[in-house]
Amino acid sequence: MSDLASILKNPLSLTPDVAGKITADIMANQLTPSQIGGFLVAIKLLGKETDPATIAAVAKAMQSKALPVELPFDVADIVGTGGDGQNTFNVSTAASIIVAGAGVKVAKHGSRASSSTSGSADVLEALGCHLESVSPTAVGSILDSSNFCFLFAQSFHPAMRHVAASRKELGVRTIFNMQVLGPLTNPARPSKMVVGVFSKDIGRIMAEALHLSGVREGWVVHGLVGLDEISPEGSTLVWAFDSMGTITERTISPADFGLAEHPLRDVVGGEANENAATMSALLDNALTGPIVDFVLMNAAALLYVAGAASNLKEGVALARQSISSGTAKQQLHQFATKTHFYKK
Numbered sequence: 000m001s002d003l004a005s006i007l008k009n010p011l012s013l014t015p016d017v018a019g020k021i022t023a024d025i026m027a028n029q030l031t032p033s034q035i036g037g038f039l040v041a042i043k044l045l046g047k048e049t050d051p052a053t054i055a056a057v058a059k060a061m062q063s064k065a066l067p068v069e070l071p072f073d074v075a076d077i078v079g080t081g082g083d084g085q086n087t088f089n090v091s092t093a094a095s096i097i098v099a100g101a102g103v104k105v106a107k108h109g110s111r112a113s114s115s116t117s118g119s120a121d122v123l124e125a126l127g128c129h130l131e132s133v134s135p136t137a138v139g140s141i142l143d144s145s146n147f148c149f150l151f152a153q154s155f156h157p158a159m160r161h162v163a164a165s166r167k168e169l170g171v172r173t174i175f176n177m178q179v180l181g182p183l184t185n186p187a188r189p190s191k192m193v194v195g196v197f198s199k200d201i202g203r204i205m206a207e208a209l210h211l212s213g214v215r216e217g218w219v220v221h222g223l224v225g226l227d228e229i230s231p232e233g234s235t236l237v238w239a240f241d242s243m244g245t246i247t248e249r250t251i252s253p254a255d256f257g258l259a260e261h262p263l264r265d266v267v268g269g270e271a272n273e274n275a276a277t278m279s280a281l282l283d284n285a286l287t288g289p290i291v292d293f294v295l296m297n298a299a300a301l302l303y304v305a306g307a308a309s310n311l312k313e314g315v316a317l318a319r320q321s322i323s324s325g326t327a328k329q330q331l332h333q334f335a336t337k338t339h340f341y342k343k
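Take 0 as the starting number for the sequence shown in numbering that gives the first Met the number 0 and just add one per residue.
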């Protein structure tokens, strides 16, 4: 409370460290809804919502109060912030399974639909996975013997319930519902990531925040058609960062992957059951066309970032092999089976 009182008297005292401490207090249910509201308004009015150090500090505090996941090996993740309003097919979910089939351990962190009719959790449940049975202990066990696991955000971040009332009552977008924190708060703490953002204005901000949060290498991407993924249409902006925090900006297109360009309308998704059927056909190697290329591009990017591919075209080849060999489908089957084993 002393930190909160200090910033309400002197807003300039709201440093990233203080923001992190107050967030930890919120997660521990030590502040009232009005106090939480005061903190959120202070962050907003001071413009700290777009400060990478503040975002990273808030995310670290959230992670510290999440159910802990301890892994003896590195994992990767591919995720979009949501919020782009494009309602595309669940590309990052499909890509993560395919990357797992290519030999990279993937701990995907996600939730239900944000800007689409089917989020990652929705489509995985439609594919037969029982996500709520995946506990911190189960994550380690699953990834010991296979390469894909999904961490359902609502299960791993129970402390977020303490901010729900204040966030709703304020009625304005705050740091807790700007959709930037989700990719930064994976309890498995991935070392390699591909993160899609809904606006090019937060590309560099997200890259800096990911580095400050402990991600060693990654790509932040934004499709210029307005997409929080690598786009099948037109160009995609990339903010690549390394272990030193150096950020390099570049622009890529489907041609860099050796793939054809497709209009965004051809990769629109549907309800969870529809997307599950499409994903099943994809993993059965029975699907052709725009959605396949869309998924291959995003899978190739993570394979490249994770060090499994030396370039994007090699990443596409590895992703194709993961599908055609059946190893991608096997990863999904193993995960689904294990979620039912752990079901209470």
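All C-beta atoms in this analysis are idealised placements derived from N, C-alpha and C, irrespective of residue type, glycine included.
Please read all numbers here as calculations on a predicted model, not as lab measurements.
Asked: Pairwise C-alpha distance: residue 316 and residue 310; Found: 10 Å
Asked: Whole-number beta carbon distance between residue 180 and residue 57, since they are thought to touch under 8 Å; Found: 7 Å
Asked: Selection from 265, 107, 133, 15 that minimises the alpha carbon distance to residue 52; Found: 15
Asked: Residue 147 and residue 333 closer than 9 Å at C-beta; Found: yes
Asked: Backbone CA spacing between residue 32 and residue 175 [nearest angstrom]; Found: 14 Å
Asked: Beta strand (DSSP E) runs contained entirely in the segment 189-264, provided each spans 3 or more residues; Found: 191-195, 216-222, 235-240, 246-251
Asked: Presumed contact (8 Å Cβ cut-off) between residue 129 and residue 328, rounded CB distance; Found: With 8 Å as the limit, residue 129 and residue 328 do not qualify as a contact, their Cβ atoms being about 18 Å apart.
Asked: Per DSSP, cross-strand counterpart(s) of residue 76; Found: 192
Asked: Nearest-angstrom beta carbon gap, residue 92 and residue 268 [assumed within contact, 8 Å]; Found: Rounded, the Cβ-Cβ distance is 10 Å, inconsistent with contact.
Asked: Delimiting residues of the beta strand (DSSP E) encompassing residue 150; Found: 147-151
Asked: Those runs of the beta strand (DSSP E) which lie wholly inside the segment 106-172 and span at least 3 residues; Found: 147-151
Asked: Residue 267 in three-state terms, based on DSSP; Found: strand
Asked: N-terminal and C-terminal residue of the alpha helix (DSSP H) that residue 320 is part of; Found: 311-323
Asked: Span of the alpha helix (DSSP H), counted from its first residue to its last, around residue 12; Found: Element bounds for residue 12: n/a, residue is neither H nor E.
Asked: Residue span of the alpha helix (DSSP H) that contains residue 303, given as start and end; Found: 289-304
Asked: At least 3 beta-carbon pairs within less than 8 Å: the segment 184-198 vs the segment 163-172; Found: no
Asked: Nonlocal neighbours in the same chain, by C-beta distance under 7 Å from residue 339, ignoring five residues either side; Found: 129
Asked: C-beta contact flag for residue 6 and residue 41 at 9 Å; Found: yes
Asked: Buried versus exposed, by CB contacts within 10 Å (16 or more), residue 264; Found: exposed
Asked: Candidates 22, 37, 26: closest to residue 9 by CA position; Found: 37
Asked: Helix, strand or coil at residue 53 according to DSSP, with G and I counted as helix; Found: helix
Asked: Residue 172 versus residue 285: straight-line alpha-carbon distance, rounded; Found: 42 Å
Asked: Any non-hydrogen atom of the ligand ATP within 8 Å of residue 96 CB; Found: With respect to the ligand ATP, the structure shown offers nothing to examine, as it has no ligands at all.
Asked: CA-to-CA distance, residue 183 to residue 214, given in whole angstroms; Found: 9 Å
Asked: Start-to-end residues for the alpha helix (DSSP H) that takes in residue 180; Found: Where residue 180 is concerned, there is no enclosing alpha helix (DSSP H), given that its DSSP letter is neither H nor E.
Asked: Residue range of the unbroken alpha helix (DSSP H) whose run includes residue 336; Found: 326-340
Asked: Straight-line gap, residue 44 to residue 199 (C-alpha atoms, nearest Å); Found: 22 Å
Asked: Whether residue 117 touches residue 23 by CB criterion (9 Å); Found: no
Asked: Nearest candidate by alpha-carbon position, reference residue 220, set 120, 211, 249; Found: 249
Asked: Validate contact between the segment 199-210 and the segment 235-244 using beta carbons, cut 8 Å, 3 pairs; Found: yes
Asked: Residue 32 - containing alpha helix (DSSP H), residue span; Found: 32-44
Asked: Limits of the unbroken alpha helix (DSSP H) element including residue 90; Found: 90-100
Asked: Rounded separation between residue 155 and residue 226 - CA only; Found: 27 Å
Asked: Exposed unless 16 or more other CB atoms sit within 10 angstroms - verdict on residue 69; Found: exposed
Asked: Which of helix, strand or coil DSSP assigns to residue 87; Found: strand
Asked: Residue closest to residue 216, alpha-carbon to alpha-carbon, out of 205, 275, 222, 229; Found: 205
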